[in-house]
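Peer 1: These protein sequences, in sequence, are chains A and B. Under the working numbering, the first sequence has 207 at position 207, and the numbering climbs by one with no breaks. Under the working numbering, the second sequence has 342 at position 43, and the numbering climbs by one with no breaks.
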Amino acid sequence: MPSRAPERIRSTAELRAFQRLMLQAVIRPLARGHRAQRRWSDGRPAAEVVGSFSVANDRLSALERIEIYNRMYWFRTLDSLYEDLPGVRAVLGGKKFMRLAEAYLTRHPSRSFTLRDLPARLERFIRTHPRLSAPHTALAADMAAFEWAQVECYDGAAHAPLTPAALAGRPVAKMRLGLQPQIRLLALRHPVDDFAIALKQGALRGDASNAVGAGPRTGRNSARRMRRPKPERVWLAVHRHAGRIYFKRLEAPAFKILGALRAGRTLEQAVACAGRGVKPELVRDWFMTWMQLGWFCGL
Amino acid sequence: MPANRFNGHTDYGIGLGLRVPHYGHILEKKPLVGWFEIISETFMVDGGRPLEVLDEILAQYRVVQHGVSLYLGSADRPDRAHLKRLKALVKRTRTPWLSDHLCWGSVDGTYSHDLLPMPYTHAAARRTAEKIRQVRDCLEVPLCVENVSSYAAFHQSEMTEWEFLTEVVERADCGILLDVNNIYVSSRNHDFDPYAYLDGIPHHRVGQMHIAGHTRFEKYLLDTHDHPVLDPVWKLYTHAIRRCGVTATLLEWDDRIPSFDEVHAEALKANAYIAEARQAHAVARP
Numbered sequence: 001m002p003s004r005a006p007e008r009i010r011s012t013a014e015l016r017a018f019q020r021l022m023l024q025a026v027i028r029p030l031a032r033g034h035r036a037q038r039r040w041s042d043g044r045p046a047a048e049v050v051g052s053f054s055v056a057n058d059r060l061s062a063l064e065r066i067e068i069y070n071r072m073y074w075f076r077t078l079d080s081l082y083e084d085l086p087g088v089r090a091v092l093g094g095k096k097f098m099r100l101a102e103a104y105l106t107r108h109p110s111r112s113f114t115l116r117d118l119p120a121r122l123e124r125f126i127r128t129h130p131r132l133s134a135p136h137t138a139l140a141a142d143m144a145a146f147e148w149a150q151v152e153c154y155d156g157a158a159h160a161p162l163t164p165a166a167l168a169g170r171p172v173a174k175m176r177l178g179l180q181p182q183i184r185l186l187a188l189r190h191p192v193d194d195f196a197i198a199l200k201q202g203a204l205r206g207d208a209s210n211a212v213g214a215g216p217r218t219g220r221n222s223a224r225r226m227r228r229p230k231p232e233r234v235w236l237a238v239h240r241h242a243g244r245i246y247f248k249r250l251e252a253p254a255f256k257i258l259g260a261l262r263a264g265r266t267l268e269q270a271v272a273c274a275g276r277g278v279k280p281e282l283v284r285d286w287f288m289t290w291m292q293l294g295w296f297c298g299l
Numbered sequence: 300m301p302a303n304r305f306n307g308h309t310d311y312g313i314g315l316g317l318r319v320p321h322y323g324h325i326l327e328k329k330p331l332v333g334w335f336e337i338i339s340e341t342f343m344v345d346g347g348r349p350l351e352v353l354d355e356i357l358a359q360y361r362v363v364q365h366g367v368s369l370y371l372g373s374a375d376r377p378d379r380a381h382l383k384r385l386k387a388l389v390k391r392t393r394t395p396w397l398s399d400h401l402c403w404g405s406v407d408g409t410y411s412h413d414l415l416p417m418p419y420t421h422a423a424a425r426r427t428a429e430k431i432r433q434v435r436d437c438l439e440v441p442l443c444v445e446n447v448s449s450y451a452a453f454h455q456s457e458m459t460e461w462e463f464l465t466e467v468v469e470r471a472d473c474g475i476l477l478d479v480n481n482i483y484v485s486s487r488n489h490d491f492d493p494y495a496y497l498d499g500i501p502h503h504r505v506g507q508m509h510i511a512g513h514t515r516f517e518k519y520l521l522d523t524h525d526h527p528v529l530d531p532v533w534k535l536y537t538h539a540i541r542r543c544g545v546t547a548t549l550l551e552w553d554d555r556i557p558s559f560d561e562v563h564a565e566a567l568k569a570n571a572y573i574a575e576a577r578q579a580h581a582v583a584r585p
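#1: Mind checking which residues open and close the alpha helix (DSSP H) that includes B/L438?
#2: Note down the Cα distance separating B/A302 from A/Q292, rounded to an integer number of angstroms.
#3: Helix, strand or coil, according to DSSP, for A/P280 in the structure here?
#4: Can you find the residues in the same chain that come closer than 7 Å, C-beta to C-beta, to B/K518, ignoring five residues on each side of it along the sequence?
#5: Exposed or buried, what is B/N570 when buried is set at 16 or more other beta-carbons lying within 10 Å of its beta-carbon?
#6: What would DSSP say about B/H400, mapped onto helix, strand or coil?
#7: Between the region 150-162 of chain A and chain B, which residues of the former have CB atoms less than 7 Å from a CB of the latter, in chain order?
#8: So that I know if they touch, is there some Cβ in chain A lying closer than 7 Å to that of B/T465?
#9: Alpha carbon to alpha carbon, how far is A/Y246 from A/L258? Give it in angstroms, no decimals.
#10: Closest by CA to B/G333, which one among B/E551, B/Y360 and B/R541?
#11: Look at A/R76 and A/H34 and say whether their C-beta atoms are less than 7 Å apart.
#12: Output the distance between the C-alpha atoms of B/A576 and A/P6, rounded to the nearest integer angstrom.
#13: Does B/F491 have its Cβ less than 7 Å from a Cβ in chain A?
#14: Can you pull the chain B residues whose beta carbon is under 8 Å from the beta carbon of A/V26, in chain order?
#15: For a cutoff of 7 Å on Cβ pairs, would you count A/A208 as touching chain B?
#16: Name the residue from A/V55, A/R38 and A/F255 whose alpha carbon lies nearest to the alpha carbon of A/L186.
#17: For a contact defined as C-beta to C-beta under 7 Å, what are the partners of A/F18 on chain B?
#18: Quick one, which residues of the region 98-127 of chain A are near chain B if we go by CB-CB under 7 Å, in chain order?
#19: Looking at the strands, I want to know which residues DSSP matches up with A/W235.
#20: What is the DSSP secondary structure of A/I9, reduced to helix, strand or coil?
#21: Rank A/A242, A/R240, A/H241 and A/L236 by C-alpha distance to the C-alpha of A/K248 and give the top, closest one.
#22: Give the C-beta separation of B/V440 and B/V479 to the nearest angstrom, bearing in mind that I take them to be a contact with Cβ-Cβ under 8 Å.
#23: What is the residue span of the beta strand (DSSP E) that A/A149 lies within?
#24: Thinking just about the alpha-carbon of each residue, which of B/A471, B/F463, B/F342 and B/S449 is nearest to the one in B/V319?
#25: Please report how far the alpha carbon of A/R8 lies from the alpha carbon of B/K383, in whole angstroms.
#26: Show which residues of chain A have a CB atom less than 7 Å away from the CB atom of B/K518.
#27: So for A/S52, helix, strand or coil by DSSP?
#28: Excluding sequence positions up to five away, which residues of its chain have a Cβ less than 7 Å from the Cβ of A/R228?
#29: Pairing CB atoms from the region 547-561 of chain B with CB atoms from the region 306-316 of chain B, are three or more of them under 8 Å?
#30: Please classify B/L331 as buried or exposed, where buried requires at least 16 other C-beta atoms within 10 Å of its C-beta.
#31: DSSP beta-bridge partners for A/L179?
#32: Leaving out five residues before and five after A/T300 in sequence, what residues of the same chain have Cβ atoms less than 8 Å from its Cβ?
#33: Between A/H159 and the rest of its own chain, which residues show a CB-CB distance below 8 Å, the 5 nearest in sequence each way excluded?
#34: Evaluate the contact criterion for the region 417-431 of chain B versus the region 460-470 of chain B: three or more CB pairs, one atom per stretch, below 8 Å.
#35: Over what stretch of residues does the beta strand (DSSP E) that includes B/L549 continue unbroken?
#36: Does the contact criterion of 3 or more C-beta pairs under 8 Å hold for the region 101-111 of chain A versus the region 402-420 of chain B?
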């Protein structure tokens, strides 16, 4: 990483070097009081590094001017996670959530044009950095997976649902059914759906905007204190119907069937995944419900 | 210039930003609005409620796309996958023109989600103009670039912001989305004359204008879009429409969003300034 900006910008390569250095200054974690860190990563004064590109004026130093962007980056990204993860916030409490979010964004700066994608790697991060969420790591990771599934479901693709008429006459055993892309299947170790419903948080996401907010949320009033759920295996389908997100509990064999269909198995192979102990009439009822919900589509 | 090749030869008047808190009101009450500006990225999705709402709006209103993530000034090449998604949206909305910002915000695939100011150099202008041409050729729709508000200035800059804007749009042969509030905010942060800025740009390239509110801090102004438009910005807007002609104008209100009627009323205030500018124009032409 360069520690000085090029003195002049006469080429795309020099423009890139300039932008790399400034981006580092913009996305560096903030110090206490939402101030820019006073030392660069190599130990030099940050003012010296930033001063190689930023100009002071009679009111703000070169570093203070870049600090405005540094603050806005963190306020914007933390606010986005705060909005999208009310359940993780409730599990961890406001302060611990903010520490986790800062550590996560430091390790995984945004790699997408949209803030929507920010939580994509949070579940894995929680599991691989358990100290940040202890003693609720497993629950927080389940909740992060559940809330990311809602983000994906909210604006995921939905194709025309298959109708019984469309399936009539086709050989059932070798048939392959597509599962609507918007449906997310989750195998979890905590009943986070009940917990989320109890939190009574709306599922609609906010609008995109680059306007600058007044500051980050502290999370102090993020959620009412609630009893955290005890471990329990649950299988969920997060799905969308008429523009709203729903969570449907599945029995383990039903979850396996849907997972197999999504993986491209034939109907016969998928049903076989459920195991021998499952009554045929139960499987038939599941399929009737899923058809009624419009969960299947063409491949 | 009310209608020109940079805004698809349209004459759209005063518009509003389409924002989530107003969806219900707009779809239920169907208020009379000249046009809506949408944030492209909100609708660059595969399905769900955003696209359902958009389709309902498109059935009843004129819509123009405004983006926040093309990062035309970034040294990186245009992202083909991003452009493909954007083009699908352009086909859906049939936007007569499309706008994004004269800024950068990502490097090597890492995103700041901010509109970062450019170093005003000839090399940066050349590179940016080249990218604008590539993007426009791909999207097949007129493109207007918006001046951003800024809080930092750079040693490397070789010219003023308006000279840079002019060089970019002339090289790219594209339009300007003139954000009057951004000019005002930057003029205070960088101690330049906002009227010199307005006088120094190619007026015939202005395809759209933005107005918005900002917040005054002790040592700088911040572009917050959470207030009504302030008087100095209205004055500057009057000057802008005298120089450029009455141009499609949009009020941005993105945070602490009040009721639809309040936002609409604030936008319609522009009519008084337009009338004033027209009157001045009539007096000037005996």
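In this text, a Cβ means the ideal position worked out from N, Cα and C, and glycines have one as well.
Peer 2: For this structure:
#1: H421 to L438
#2: 51 Å
#3: helix
#4: Excluding residues within five positions, none has a Cβ falling inside 7 Å.
#5: Burial is judged here by how many other beta carbons sit within 10 angstroms of a residue's own beta carbon; B/N570 has fewer than 16 and is exposed.
#6: B/H400 falls in the strand class under three-state DSSP.
#7: Y154, D155, G156, A157 and A158
#8: Judged by the 7 Å Cβ criterion, B/T465 is not in contact with chain A.
#9: 17 Å
#10: B/G333 has its Cα closest to that of B/Y360, out of B/E551, B/Y360 and B/R541.
#11: no
#12: 45 Å
#13: no
#14: At a C-beta separation below 8 Å, A/V26 has these neighbours in chain B: S411, D413 and L415.
#15: Its pLDDT being 30, under 50, A/A208 is placed unreliably in this model, and the coordinates cannot settle the point.
#16: A/F255
#17: P418 and Q455
#18: P109, S110, R111, S112, F113, T114 and L115
#19: A/A187 and A/L250
#20: coil
#21: A/L236
#22: Contact doesn't hold; Cβ gap of about 24 Å is too wide.
#23: That residue, A/A149, is in no beta strand (DSSP E); its alpha helix (DSSP H) goes T137 to Y154.
#24: B/F342
#25: 34 Å
#26: In chain order: R59 and L60.
#27: coil
#28: V91, H136 and L139
#29: yes
#30: exposed
#31: A/F296
#32: For residue 300 of chain A there is no data in the structure shown, the boundaries of chain A being 1 and 299.
#33: Apart from sequence neighbours up to five positions away, the residues of its chain that approach A/H159 with a beta-carbon distance below 8 Å are G178, Q180, P181, C297 and G298, ordered along the chain.
#34: In this structure the region 417-431 of chain B touches the region 460-470 of chain B; the number of beta carbon pairs closer than 8 Å is three or more.
#35: T548 to E551
#36: yes
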